[in-house]
Structures are given as C-alpha cells and as structure tokens.
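Notes follow once the structure below has been shown.
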Amino acid sequence: MFDSRETGRHAFVVGYPVKHSRSPLIHGYWLRQFGIDGSYRTVEVTEADFPVFLERLRDGSAGYSGGNVTIPHKERAVRLADRPDALSEELGAANTLWVEDGLVHSTNTDGLGFLANLDERKPGWDCFDKAVVLGAGGASRAIIQALRNRGFDEIHVVNRTVERAEELADRFGKRVFAHPMGALAEVLSGAGLFVNTTSLGLHGTPIPDLPLERLKADATVTDVVYVPLVTPLLLQAERHGLATVDGLGMLLHQAVPGFERWFGRRPQVTPELRALVIADMEMHA
Ligand code: ATR
413 MFDSRETGRH AFVVGYPVKH SRSPLIHGYW LRQFGIDGSY RTVEVTEADF
463 PVFLERLRDG SAGYSGGNVT IPHKERAVRL ADRPDALSEE LGAANTLWVE
513 DGLVHSTNTD GLGFLANLDE RKPGWDCFDK AVVLGAGGAS RAIIQALRNR
563 GFDEIHVVNR TVERAEELAD RFGKRVFAHP MGALAEVLSG AGLFVNTTSL
613 GLHGTPIPDL PLERLKADAT VTDVVYVPLV TPLLLQAERH GLATVDGLGM
663 LLHQAVPGFE RWFGRRPQVT PELRALVIAD MEMHA
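Per the working numbering: the sequence shown = residues 413 to 697.
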C-alpha cells in the first residue's frame, strides 16, 4: 500500500465508493497549515476486503496512524475494532479509527460535529427542552445521542417507516419518542429545534411544505444535507423567519478529533476552510 521510503504520518478515508469524499480536502488543508510531514488519502476497499484492510492497519504494515470510515464500513468497523469506545459501541457505527500499541480503536465524531456546528453558528440554540429529528438512519442515531447528552428533555423522532423510529426510541430510552410522518405538525408544536437527517432536499430536489410555523418563533432549523448549502428545508425555514444553520459545519467539525489523534495537533474550523470546501462544491456542482 505504501512505499517504505515514505516518511511522516499517514491517514485515510476508507469506503466504497469513496472518490467523492471531501475529507482529503479538509485534512489536506490542515496538514499544509501546520506544515506536517504526512498525508491523508482515499482508499477504496470492498466489503470483502475490509477485514484484511483492518488487519494491515493493526499490524502497521499499511503504514497508517488511523483514518476515517465511511459507507459501507461504519458498522463493521465497530465490530472489528479491538477497542471501540462507548460512543461508537452505543451507536453501532464508527467514523474514526486509530492504532495504539497494536490495537485498533474506534469512535464516532458525527455527534460532536453536529453540536460544534450549532454552537459555532447559533450560540444558545440549545436553550429549549424539545427537539424534533426527521429520519431514523445512521446520522439520526448520532444526532439523537448528541441531543440527549446535551440535555434535551424530549427528542421526537419522525420517520417514514415508523418502526425504525421506534427502534431508536427503545435504544435511547425514555426521553426519545417515535412518530409516523403524519404526526409531524403536532410534534413540531412548541419545539425549539428541527433537524433533517434524511436525504430529502439533496441536490435541491423539491420537498413538500412542512408545517414549520408550529415551531417556537426563536427555534433553529438545521439540515445534515449540505449540497446545496441552503437546502429546500432551510429556504422554507427562512421564509418562516426561523434561524437556520447549514450542515457543512458538521462535516468540518467532525473531522477535528480524528486529525488531532493521527497528527497530534488540534486543528481549527476557519472561514477559509469553509470557503475552500464551498468553492470545491461549486466547481463540482
Ligand atoms: P444515513 O445513514 O445516511 O442516515 P439511512 O440509514 O439510509 O442513511 O437513512 C436514511 C433516512 O432517510 C431514513 O430515515 C429514511 O426513511 P426510511 O427509514 O423510511 O427509509 C429517510 N428517507 C430517505 N428518503 C426519504 C424520503 N423520500 N422521504 C422520507 N424519508 C426519507
């Protein structure tokens, strides 16, 4: 995988497919900024080859300090890691790996990224008791866990397939409630946060009008979709006069803990980095 003459520290994002990942742009920016002798690269690995990839990570022959894990390996990464942390174990999915003393550790930084983005762009967003999360997939799980840990009293999960929302309510305990789509208007009443974790609105695909007027007047609406930056949901929220936070910051902030683990410096999410990623998005739009 590596030329043995290569020096420095190296990290990866492993997935299948992985070529559209923006992580190399983000980590590459920080590597240059710190002047670190190292690299961050995409590695395309099929499901069948993933255990061998992890074995080579563990024994050091791949030459990596660690890396990110994306679709379709996030669940298996936790199962195959020697030391999954409590967070990734509870979620059943990891996005960050690192090697320490010949053991593969795993964590999940999506929830931290979600919170850090809102903290940065809308301080005080968390002063409410009630949040509504649309969707019940992997992103939803990390966000529910983060909201619960932040202290929200009621987290309502609304999903097209209500059984998946019910599974999450069972998994995350008594502050999490499951609802079918039809209950959205009722559930939004009096909530201070609405999060879309589904692919609705991706690439600007139109979405139905949502009853956002039911939210508190000073509520925040946010989206994990960040292509386009201002999604159809965020446009609707703006029309209702609600505060909005786009999802790009979640992508940027979730990358911080991994970089610090692999390269030993804690990077910053700067306006310059954000502009760099936006320019890249526009170039590939
Ligand atoms: P991820 O891991 O990225 O969150 P996922 O596990 O595939 O992705 O979950 C996608 C979520 O988007 C699910 O909640 C899905 O609803 P279902 O559980 O009913 O499938 C939701 N979703 C995707 N497309 C949707 C649509 N057109 N309308 C409503 N919900 C949708």
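Cβ atoms here follow ideal geometry from the backbone N, Cα and C, with glycine treated the same way.
Could you tell me the distance, in whole angstroms, from the CA atom of L614 to the CA atom of V633? The residue you call residue 614 lines up with position 202 of the sequence shown. The residue you call residue 633 lines up with position 221 of the sequence shown. In a straight line, the C-alpha of L614 is about 16 Å away from that of V633.
Using CA coordinates, which residue listed in G653, H591, K534 and T609 is at the minimum distance from V574? Residue 574 sits at position 162 when you count from the first residue of the sequence shown. Of the candidates G653, H591, K534 and T609, the one whose C-alpha sits nearest the C-alpha of V574 is H591.
Pick helix, strand or coil for R434, following the three-state DSSP scheme. Stepping through the sequence shown from its first residue, residue 434 is reached at position 22. It is coil, neither helix nor strand.
Helix, strand or coil: which one does DSSP assign to V425? As a first step, residue 425 is located in the sequence shown; it is residue number 13 there, counting from the start. V425: strand per DSSP, three-state reduction.
Does the beta-carbon distance from G661 to G523 come in below 9 Å? Taking the sequence shown and counting its residues from 1, the one referred to as residue 661 is at position 249. Taking the sequence shown and counting its residues from 1, the one referred to as residue 523 is at position 111. No. Outside cutoff.
Is the Cβ-Cβ distance between G478 and V511 less than 9 Å? Taking the first residue of the sequence shown as position 1, residue 478 is located at position 66. Taking the first residue of the sequence shown as position 1, residue 511 is located at position 99. In this structure, V511 lies closer than 9 Å to G478 by Cβ.
Between which two residues does the beta strand (DSSP E) carrying W510 extend? Position 98 of the sequence shown, counted from the first residue, corresponds to residue 510. That run of the beta strand (DSSP E) goes T508 to E512.
Straight-line gap, V642 to D621 (C-alpha atoms, nearest Å): In the sequence shown, the residue the question calls residue 642 occupies position 230. In the sequence shown, the residue the question calls residue 621 occupies position 209. So the alpha carbons of these two residues sit roughly 16 Å apart.
Taking only the alpha-carbon atoms, compute the straight-line gap between L515 and D461 and give it to the nearest angstrom. To locate residue 515, count along the sequence shown from 1; it is residue 103. To locate residue 461, count along the sequence shown from 1; it is residue 49. Looking at the two C-alpha atoms, the distance is approximately 19 Å.
Spatial neighbours of A595 within its chain, please: CB distance less than 8 Å, with the 5 preceding and 5 following residues excluded, ordered by chain position. Within the sequence shown, residue 595 is the residue found at index 183, counting from 1. Same-chain partners within the cutoff: V570.
The ligand SAM heavy atoms versus the CB of L612: any closer than 8 Å? Here the bound small molecules are the ligand ATR; the ligand SAM is not part of this structure.
Report yes if the C-beta distance between L645 and L612 is below 9 Å; otherwise report no. By 1-based counting over the sequence shown, the position of residue 645 is 233. By 1-based counting over the sequence shown, the position of residue 612 is 200. Taking 9 Å as the Cβ cut-off, L645 and L612 qualify as a contacting pair.
Indicate the three-state DSSP secondary structure (helix, strand or coil) for S416 in the structure shown. As a working note, residue 416 is residue 4 in the sequence shown. The predicted position of S416 is uncertain, since its pLDDT is 48 and thus under 50; a value taken from the coordinates is nonetheless stated next. It is coil, neither helix nor strand.
On the three-state DSSP scale, how would you describe L612? By 1-based counting over the sequence shown, the position of residue 612 is 200. Note: L612 maps to coil in three-state DSSP.
What is the DSSP secondary structure of I567, reduced to helix, strand or coil? Taking the first residue of the sequence shown as 1, we reach residue 567 at position 155. Looking at I567 - three-state DSSP - the assignment turns out to be strand.
Nearest to R576 (by Cα), restricted to the options R491, T610, R444 and A597: The residue given as residue 576 occupies position 164 in the sequence shown. Closest option to R576, Cα to Cα, is T610.
Taking H591 as part of the beta strand (DSSP E), name the residues at either end of that continuous run. For the purposes of this step, residue 591 is identified with residue 179 of the sequence shown, where counting begins at 1. Where H591 is concerned, the enclosing beta strand (DSSP E) stretches over V588 to P592.
May I have a chain-ordered list of the alpha helix (DSSP H) segments no shorter than 4 residues that lie completely inside the region 464-545? 486-492, 498-503 and 522-533
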